[in-house]
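Okay, so the sequence shown: first residue is 101 according to this note's numbering, each after it adds one.
Encoded as structure tokens, the structure appears first; notes follow it.
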Amino acid sequence: MSKQNWFVVPTAPRLAALTGVCLILLAAGCDKKKGGGESTTSGPTADKGGPPADKGGGDSGTPGVTATEIKIGQTMPFSGPQSAYGVIGKAEAAYFKMINEKGGINGRKLNLIQYDDSYTPPKTVEQIRKLVESDNVAFIFQSLGTGPNTAIQKYLNDKKVPHLFIATGADKWANPQQFPWTMGWQPSYRTEAKIYAMYLQKEKPNAKLCVLYQNDDFGKDYVKGLQDALGDKYDKVVVKALGFEASAPTVDSELVTLQGAGCDTLMSAVTPKHGAQTIRKVFDLGWKPLHLLSNVSISRAVVLEPAGLDKSTGIITGQYLKDPSDPALADDPAIKDYKAFMKQYLPDIDVNDGNALYGFAVSGTLVKVLTDCGKDVTRENIMKKAASLKNLPVPAAIEGIVINTSATDFRPIEQMRLAKFNGTSFEKMGELFSADTSTTASR
């Protein structure tokens with residue numbers, strides 16, 4: 101793969117002492133899986149505040165860290181109703197294998213231990229305890245889901261175990277005062293909804309909006325985002341909002357009810373399974389609202405194609421990563437690197453699956469953090485470096501999107517761009533929006 105400014109392979113002198121390659125086991129039932137991360141350039145110094153950096157070397161007391169290894173823990177829904185997201189974990193394990201084959205990070209290989217929690221919080225709690233107390237991992241990376249991560253957040257913070265770059269856009273992960281060991285990665289769902297509301301206020305000020313949302317922290321963040329942006333206009337703009345349980349087999353009845361409410365605009369705060377169902381049902385009802393679909397459910401391979409590309413035409417969403425299935429990006433250097441990675445390490449996974457691209461991209465951020473730790477791979481220093489990222493490019497992100505964090509800012513990605521699906525690919529709609537202010541960002 102060609103080198104981009106977001107990917108710098110460790111230099112030859114750094115590789116001299118490295119030996120062996122971690123093996124990754126990726127079975128669908130996956131009791132236990134091992135893998136290994138990525139790297140970029142050296143990073144800026146941390147802002148004061150947050151967890152203090154420990155002066156000791158990682159291999160002299162930090163669980164999961166030796167002179168040759170960093171042990172990382174993760175839960176992921178490899179089975180169950182949200183199993184489409186399991187591809188994220190597979191991509192991350194494969195990415196770590198690639199880095200290990202290039203020599204690892206600062207003399208250490210990455211050992212990723214993954215458990216299948218089926219997106220079930222009680223199971224997540226059990227498995228996280230095992231990862232921390234039995235497997236002795238150094239930190240938790242990219243465990244997926246708002247509910248599962250909510251269930252483990254206090255435990256990990258009480259234990260002072262980094263709960264890093266978790267795979268959910270809930271707004272509450274950006275709370276370093278109360279939870280200094282937890283940090284998200286992607287733009288928050290609340291901000292995404294604010295951007296949709298701003299778009300409607302400008303382009304469709306008389307919209308009659310219906311909201312379909314998953315009845316948990318994930319879906320409720322979208323409702324809160326609308327309330328933030330619309331203020332006292334919320335009750336006038338939002339005609340009806342209906343929640344459904346994540347375990348619901350379908351959302352057909354909710355959509356029939358929403359159509360009957362007389363809405364001409366629909367915002368769907370749903371995950372992939374219900375995203376595909378929503379697209380099909382709206383089409384089958386003959387309902388033609390302006391459809392705003394949550395970013396987590398816009399994968400062409402996982403959602404749009406199963407639902408029908410013709411039925412998906414006109415959908416608007418917020419983007420921060422490029423779409424690997426977009427024909428217009430066939431010659432994009434970052435997409436070409438991603439596809440070369442997939443061909444070599446995950447040939448059996450659909451290269452157009454946006455979940456795989458997500459795993460590829462976030463892995464680069466983690467390896468940047470670990471690279472910046474140098475030999476001081478303590479839990480404290482991992483969090484310090486994670487909270488010290490400045491203008492860090494993201495692999496395969498929309499142009500202009502960079503990561504910035506500080507001891508008081510635990511929102512790594514704070515920008516998005518609206519796009520509309522034209523039946524083949526997503527077309528850009530305007531410039532970037534800043535997630536922290538919900539105003540147009542400079543490019």
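Heads up, the beta-carbon is just placed ideally off N, CA and C, and yes, glycines get one too.
Please read these numbers as outputs of a predicted model, since none were measured by experiment.
- Annotation: residue 374 to residue 166 spans about 43 angstroms, alpha carbon to alpha carbon.
- The stretch 360 to 380 and the stretch 248 to 265 do not touch, with fewer than three beta-carbon pairs separated by less than 8 angstroms.
- Residue 349 is classed as exposed because its beta carbon has fewer than 16 other beta carbons within 10 Å across all chains shown.
- Counting the other Cβ atoms within 10 Å of the Cβ of residue 291 gives 16 or more, which makes it buried.
- Distances from the alpha-carbon of residue 419 to those of 355, 510, 523, 287 put 287 closest.
- Sixteen is the threshold: when 16 or more other Cβ atoms of the shown chains lie within 10 Å of the Cβ of residue 248, as they do, the residue is buried.
- Residue 312 places its beta carbon less than 7 angstroms from that of residue 342.
- Residue range 365 to 369 is occupied by the beta strand (DSSP E) that includes residue 369.
- For the options 359, 351, 364, 492, the alpha carbon positioned closest to that of residue 376 is the one of 351.
- Under the three-state reduction of DSSP, residue 426 is assigned to coil, being neither helix nor strand.
- Distance from the CA atom of residue 234 to the CA atom of residue 437, rounded to whole angstroms, is 37 angstroms.
- Between the alpha carbons of residue 315 and residue 325 lies a gap of roughly 15 angstroms.
- Taking the Cα of residue 488 as reference, the smallest distance to any Cα among 218, 498, 474, 510 is reached at 510.
- A Cβ-Cβ contact shorter than 7 angstroms links residue 188 with residue 458.
- From the listed residues 213, 219, 397, the smallest Cα separation to residue 238 is found for 213.
- Between residue 307 and residue 416, the alpha-carbon positions lie close to 15 angstroms from each other.
- According to the DSSP assignment, residue 440 belongs to the alpha helix (DSSP H) that extends over 433 to 445.
- Of all C-beta pairs linking the stretch 482 to 502 to the stretch 215 to 227, fewer than three are shorter than 8 angstroms, placing the two stretches out of contact.
- Between the stretch 502 to 509 and the stretch 429 to 436 there are fewer than three C-beta pairs closer than 8 angstroms, too few to call the two in contact.
- Beta-bridge annotation (DSSP): residue 169 is paired with 209.
- Of the candidates 281, 296, 455, 195, 296 places its Cα closest to the Cα of residue 390.
- Taking C-beta separations shorter than 7 angstroms and ignoring five residues to either side along the sequence, the partners of residue 452 in its chain run 400, 401, 424, 425, following chain order.
- Looking at the DSSP output, residue 338 shares a beta bridge with 309.
- Going by DSSP, residue 377 is part of the alpha helix (DSSP H) stretching over 372 to 384.
- When the beta-carbon positions are compared, residue 361 and residue 388 stay at least 7 angstroms from each other.
- The residue among 397, 302, 386 with its C-alpha nearest the C-alpha of residue 318 is 397.
- Sorting 477, 378, 465 by C-alpha distance to the C-alpha of residue 504 places 465 at the top.
- Around the C-beta of residue 278, fewer than 16 other C-beta atoms lie within 10 Å, and the residue is accordingly described as exposed.
- In this model, residue 366 and residue 383 are separated by some 13 angstroms (Cα to Cα).
- For the options 445, 241, 269, the alpha carbon positioned closest to that of residue 256 is the one of 241.
- The alpha-carbon separation between residue 328 and residue 518 amounts to approximately 19 angstroms.
- Of the residues assessed, residue 356 falls on the exposed side of the cut-off, its CB having fewer than 16 other CB atoms within 10 angstroms.
- Annotation for residue 303: no beta strand (DSSP E) segment contains it, though the alpha helix (DSSP H) segment containing it runs 289 to 303.
- In the DSSP assignment, residue 176 forms a beta bridge with 216.
- The stretch 188 to 272 contains, as complete beta strand (DSSP E) runs of 3+ residues, the segments 209 to 216, 239 to 241 (chain order).
- Inclusion of residue 496 and residue 421 in the CB contact set at 7 angstroms is warranted, their separation being smaller than that value.
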